[in-house]
Amino acid sequence: MKKLLALSLALVMALGLAACGTPSEPAEDENQEDANASATTEIKGVEDGVLTVGMECAYAPYNWMQSDDSNGAVPIVNNAGSYANGYDVMIAQKICEANGWDLEVYATDWDSLIPALQAGTIDAVIAGQSMTEERMEQVDMAGPYFYASIVCVTKADSELAGIKGISELKGTCTAQTGTVWYDTFLPQAAEKADIQIQTQAESAPAMIMSVESGTVDFICTDMPTAMGAVAAYPDLAILDFTGSEDNFDAAEGDINIGISVLKGNTGLKEAMDKLLGTMTAEDFEALMKSAIEIQPEI
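Be aware that the sequence shown starts at 4, since it is given in my numbering, and climbs by one per residue.
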């Protein structure tokens, strides 16, 4: 009887210890997935795991529209059957890959990008925007994700093709609307040179076509846009006055290119900056070169 009682007590104690035992730990990859999901839900705009990015899809080599998904192009959510590609898309893809997000591209015109962000239609603007003080009064900006320089573009057979500084510019000119090219740098040139600033171009392609068609003698833009223009139209030439004292006076915010997020969306900005901080100027330039190599006709 005593042996039976002792055996029963031992069995009860064993069951009690098993009930109080430490539960098994989840697999490491499950822990990481849960951590990523938790981090995502804390960032405004990507709670659903999707980053919706606004861009013109008409601003090669930064971004453009194409009819298929070749070269890693992404569907444009508000334009069925169309796809977005370019440097901005490539940067957006890297950010999404680093954070476990899916990427959506939303196409809209240049002047509607910031309003779309403020309305909540998109989560970020990745569209070749300069990090100007004026723009950063409206939005917060991650980056830079490219370090640009200000140049001019003219016909290769123009008498302007051999000039050495902005004071030697002459004739008619324009740049894209809503950019520092038109609002800041053409007026700088006008202070030193005999130029006639024409009506601003409504888009980057319209600006490029104005010099290609001979409507103006030159345009003012940034280096990547100029490189894309010359790749599409070999009869154009870039006027780069870098290293000369007779050059545009550009603040860092006017030539550094950044990503706009909603004012106060610190989580999204920091997540983007974390990835961009791992990339060098050389990395950006190599990626831009690859975008120029696959861009369509402007």
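Just so it is clear, CB atoms sit at the ideal spot from N, CA and C, and this is done for glycine as well. Computed from a prediction, not measured in an experiment: that's the story for all the values here.
Assigned secondary structure, residue i (DSSP; H/G/I helix, E/B strand, else coil)
| i | result |
| --- | --- |
| Pro-147 | strand |
| Ile-166 | coil |
| Ile-291 | Checking the sequence, you will find Met at residue 291 rather than Ile. Three-state DSSP puts Met-291 in a helix. |
| Lys-47 | coil |
| Asp-286 | helix |
| Gly-231 | helix |
| Asn-81 | coil |
| Val-142 | coil |
| Val-219 | coil |
| Gln-191 | helix |
| Ala-95 | helix |
| Gly-75 | helix |
| Asp-225 | strand |
| Leu-279 | helix |
| Tyr-86 | strand |
| Met-241 | The displayed chain sequence assigns Ile, not Met, to residue 241. Looking at Ile-241 - three-state DSSP - the assignment turns out to be strand. |
Beta-carbon proximity check, residue i vs residue j, cutoff 8 angstroms
| i | j | result |
| --- | --- | --- |
| Tyr-109 | Val-56 | yes |
| Cys-155 | Val-219 | no |
| Gly-231 | Pro-118 | no |
| Ile-169 | Ile-258 | no |
| Met-275 | Ile-260 | no |
| Ser-85 | Ile-79 | yes |
| Pro-299 | Gln-69 | yes |
| Val-142 | Trp-104 | no |
| Gln-1 | Met-210 | As shown, the chain starts at 4 and ends at 301. That puts residue 1 outside it, with no answer to give. |
| Thr-157 | Phe-221 | yes |
| Gly-270 | Glu-45 | yes |
| Tyr-148 | Phe-287 | yes |
| Met-212 | Ala-130 | no |
Outcome for residue i when other beta-carbon atoms lying within 10 angstroms are tallied against a minimum of 16
| i | result |
| --- | --- |
| Ala-284 | exposed |
| Gly-48 | buried |
| Gly-267 | exposed |
| Ala-151 | buried |
| Lys-167 | exposed |
| Lys-195 | exposed |
| Ala-289 | exposed |
| Ala-294 | buried |
| Thr-135 | buried |
| Thr-224 | buried |
| Ala-254 | exposed |
| Thr-202 | exposed |
Nearest-angstrom Cβ-Cβ length linking residue i and residue j, presumed shorter than 8 angstroms
| i | j | result |
| --- | --- | --- |
| Ala-159 | Leu-239 | 6 angstroms |
| Leu-265 | Gln-121 | 7 angstroms |
| Ala-61 | Ala-207 | 7 angstroms |
| Asp-114 | Gly-181 | 6 angstroms |
| Lys-292 | Ala-145 | No, Lys-292 and Ala-145 are not in contact; Cβ-Cβ is about 22 angstroms, not under 8 angstroms. |
| Leu-278 | Ile-125 | Actually they do not touch by this definition, with Cβ atoms about 19 angstroms apart. |
* **beta strand (DSSP E) runs wholly inside the stretch 102-140, at least 3 long, in chain order** => Correct list: 105-110 and 127-133.
* At which residue ranges does the stretch 243-277 contain complete beta strand (DSSP E) runs of 3 or more residues, listed in the order of the chain? -> Within the stretch 243-277, the complete beta strand (DSSP E) runs of at least 3 residues are 259-264.
* Contiguous alpha helix (DSSP H) assignments of at least 4 residues, all confined to the stretch 193-217 -> List check, alpha helix (DSSP H) in window: 207-215.
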